[in-house]
Structures are given as structure tokens and as C-alpha cells.
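Residues in the sequence shown are numbered from 388 upward in steps of one, following my numbering.
Don't be surprised by glycine CBs; every beta carbon is placed ideally from N, CA and C.
Structure first, then comments.
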Amino acid sequence: GPGDPSAMPYAIDTVKEVLAADKPMFGICLGHQLLAEANGIGTMKMFNGHRGLNHPVKNIIKNHCEVTSQNHGFGVVPDEVRKSDKVEITHINLNDQSIEGIRVKGKKAFSVQYHPESSPGPHDSRYLFDDFIDMIKGELAW
388 GPGDPSAMPY AIDTVKEVLA ADKPMFGICL GHQLLAEANG IGTMKMFNGH RGLNHPVKNI
448 IKNHCEVTSQ NHGFGVVPDE VRKSDKVEIT HINLNDQSIE GIRVKGKKAF SVQYHPESSP
508 GPHDSRYLFD DFIDMIKGEL AW
């Protein structure tokens, strides 16, 4: 991954500006971490980063498992996400219970830690792009 997101205050500020403008936002990997930081949730270096094409992730909203492609050494602090009144958890890693997805309450913003765009790789999460397009069109509201 690109490194420590907390060392990128300019990027966190940009995410805050997009949220304040109420524009749709879909964060992937670093974008997931920056969306968390912009909502007061810290990030941390993981003991063992996630690398590879076969990480099982549970979509809590749809209640199903997805096989995902991952490449990151940082993640969001789980307890801070669980205690937050600004975001809710949407995806959990089934290997280590790390937070793999969040959405911002009352905003058109969501993110995942993994790579739904990866190719070659699993395509279980392609629906996220459809969700984002529907959000832009105003057809998906959370």
C-alpha cells in the first residue's frame, strides 16, 4: 500500500471538503483509510498486512461473503469505528475481523479497504461500482 494515511493531512482535508459539499464518494484502499480519518477514526499499522487475491470478506448489509484482492499494511482502528456515531461498518474480514468497509451516515460516501477494481482477480465486489453509479444518479440513498 501507499503507507501511513495519517501522514497525509492534505488528502484528509480534501475528503472533508468533498463530504462537506455533499458529493458522492467511493473510497478504495487508501481512500477507505482517508474517509475514516476524515471522520475522526484513526488508522494503524497492521501486525500482518493483507496481501493476495483470496481474502474472504463478509458484506454485513447484504449478508454474503466475497472473495477479495488486497494489498495494504495499514487499516482503520476497529474500536474507533465501532464507537463512531458518524460511520457504520459494512464489511468485515473473515480471517482477522478487521474493518473492510464503512459508510458515512447521512452522506453519500462509502469505502472498502480491498480492491474491487483488481484485474486479474476476484470479481465478487463489482456491484460496488454499480452502487456508486446509482448513488451519483440519486437512485441509492443510505
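Unbroken alpha helix (DSSP H) stretches of 4 residues or longer found wholly inside the region 478–527: 514–524, given in chain order.
C-alpha of Asp409 to C-alpha of Leu422: approximately 13 angstroms in a straight line. When the five nearest sequence neighbours on each side are left out, the beta carbons in the same chain lying within less than 8 angstroms of the beta carbon of His451 are those of Lys445, in order along the chain.
In its chain, beyond the 5 residues on either side, His437, His442 and Tyr501 have a beta carbon closer than 6 angstroms to the beta carbon of Gln457. Here Ser393 carries a helix assignment [DSSP, helix/strand/coil].
By the neighbour-count criterion, in which 16 or more other beta carbons inside 10 Å mark a residue as buried, Asn435 falls on the exposed side. Exclusion of the five residues before and after Glu475 leaves Ile489, Arg490 and Lys492 as the residues of its chain whose Cβ lies within less than 8 angstroms of its Cβ. Looking at the DSSP output, Val474 sits in a beta bridge with Val491. Here Lys432 carries a strand assignment [DSSP, helix/strand/coil]. For Gly414, no alpha helix (DSSP H) encloses it; the enclosing beta strand (DSSP E) starts and ends at Met412 to Ile415. If you ignore the 5 residues before and after Gly429, its C-beta comes within less than 6 angstroms of the C-beta of Val464 and Glu467, all in its own chain and listed in chain order. Lys445 has Cys452 and Ile479 as its beta-bridge partners, per DSSP. CA-CA distance, Met431 to Pro389, rounds to 13 angstroms.
Rounded to whole angstroms, the gap between the alpha carbons of Ser506 and Asp400 is 30 angstroms.
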